[in-house]
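**Q**
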Amino acid sequence: MTRNSKKRGAATDGPDPAAEQKPAKKQKPQDGTRDTVEAVVIAFVMAFLFKTFEAEMFVIPTGSMAPTLYGRHKEVTCDACGFSYDCGASSEIDQASGRLINRLDNAVCPNCRKVNEIRDLQPFNGDRIVVNKQVAQFDRYDVVVFKNPEQPQVSYIKRLVGLPGETIRIRQGDIYMRRTDDEPWKIQRKENPQKQRRIQIPVYDDRFPPTPLLEAGLPERWVPAVADQQAANTGFWTEAENAWTRQA
Numbered sequence: 006m007t008r009n010s011k012k013r014g015a016a017t018d019g020p021d022p023a024a025e026q027k028p029a030k031k032q033k034p035q036d037g038t039r040d041t042v043e044a045v046v047i048a049f050v051m052a053f054l055f056k057t058f059e060a061e062m063f064v065i066p067t068g069s070m071a072p073t074l075y076g077r078h079k080e081v082t083c084d085a086c087g088f089s090y091d092c093g094a095s096s097e098i099d100q101a102s103g104r105l106i107n108r109l110d111n112a113v114c115p116n117c118r119k120v121n122e123i124r125d126l127q128p129f130n131g132d133r134i135v136v137n138k139q140v141a142q143f144d145r146y147d148v149v150v151f152k153n154p155e156q157p158q159v160s161y162i163k164r165l166v167g168l169p170g171e172t173i174r175i176r177q178g179d180i181y182m183r184r185t186d187d188e189p190w191k192i193q194r195k196e197n198p199q200k201q202r203r204i205q206i207p208v209y210d211d212r213f214p215p216t217p218l219l220e221a222g223l224p225e226r227w228v229p230a231v232a233d234q235q236a237a238n239t240g241f242w243t244e245a246e247n248a249w250t251r252q253a
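Under the working numbering, read the sequence shown as residues 6 to 253, first letter to last.
1. Confirm, please, whether the CB-CB distance from Tyr161 to Asn153 is below 8 Å.
2. Pick helix, strand or coil for Gln201, following the three-state DSSP scheme.
3. With DSSP as the reference, label Thr82 as helix, strand or coil.
4. According to the neighbour-count rule (16 or more other Cβ atoms, all chains shown, within 10 Å of its Cβ), is Ser10 buried or exposed?
5. To the nearest angstrom, report how far apart Pro72 and Ile134 are at their CA atoms.
6. Out of Ser102, Glu61, Arg174, Gln193, point me to the one whose CA is closest to Val136's CA.
7. With DSSP run on the structure shown, which of helix, strand or coil describes Thr185?
8. Measure the alpha-carbon distance for Lys200 versus Ala44 and round it to whole angstroms.
9. Leaving out five residues on either side along the sequence, give the residues of the same chain with a beta carbon under 7 Å from the beta carbon of Tyr5.
10. Taking the beta strand (DSSP E) that Pro157 falls in, what are its first and last residues?
11. By alpha-carbon positions, which one of Ala85, Lys191, Gly68 ends up nearest to Arg212?
12. Kindly list the residues whose CB is nearer than 8 Å to the CB of Arg104, restricted to its own chain and excluding five residues on each side of it in sequence; keep chain order.
13. For Glu225, which three-state DSSP category applies?
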């Protein structure tokens with residue numbers, strides 16, 4: 006009697022693939038609170054380093070640098086001449102606490118001298134600036150921020166006028182400089198026209214004449230004078246052939 010045995014196939018010739026599979030590792034649950042704290046700490050450190058070495062933001066509190074930079078102010082349009090101007094309103098709040106302590110009632114128009122009511126006008130906060138701390142050299146008439154030596158926690162923003170080793174004199178609105186007592190005074194002109202425009206303050210704009218004065222038959226604040234000896238002696242501006250002149 007013959008017995009036939011049958012092969013079961015190639016699967017019996019090699020290892021079973023299912024036996025080689027390793028058990029999957031368990032993933033640790035993500036800690037959302039820890040990730041948030043780490044992100045906040047990193048952001049705080051980066052902001053601190055940036056503020057210390059690169060740049061810092063300031064808000065202008067007062068109007069001492071107007072019209073280049075405005076502190077808290079109100080925008081006014083004169084009732085008499087229609088001239089638009091800005092009125093400082095930093096005295097309305099306490100600088101230490103930021104609380105409202107006062108209300109400005111009136112403001113004088115710089116164009117026609119009309120007193121305008123401003124109590125109910127909306128105030129605007131001071132300008133925001135970013136100070137670059139990587140500037141190594143400053144030029145005359147640059148706007149700079151510095152610490153008060155007696156109050157290091159207080160920052161001041163001013164326009165740079167005098168440089169180290171200089172003696173400064175202000176005469177009739179012009180800046181003069183010399184380094185030694187033997188040197189003659191030399192006027193320091195603003196070579197950059199943009200700097201000159203930023204500090205100019207309008208005295209009178211002929212496009213906005215004071216209507217009440219004109220209706221009453223009175224002249225404007227600024228009128229041309231006849232170029233005679235009397236006008237020269239009184240210090241009036243007189244019109245020449247191609248320019249306006251004044252006897253100082």
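We put the CB at the ideal spot given by N, CA and C, even for glycine.
Just so it is clear, the structure is predicted and the values come from calculations on it, not from any experiment.
**A** Taking the definition as stated:
1. yes
2. helix
3. strand
4. Low per-residue confidence applies at Ser10: pLDDT is 48, beneath 50, and the placement is therefore not dependable enough to give any value.
5. 14 Å
6. Glu61
7. coil
8. 43 Å
9. This structure leaves residue 5 out entirely; the chain is present only between 6 and 253.
10. 156 to 164
11. Ala85
12. Ile98
13. coil
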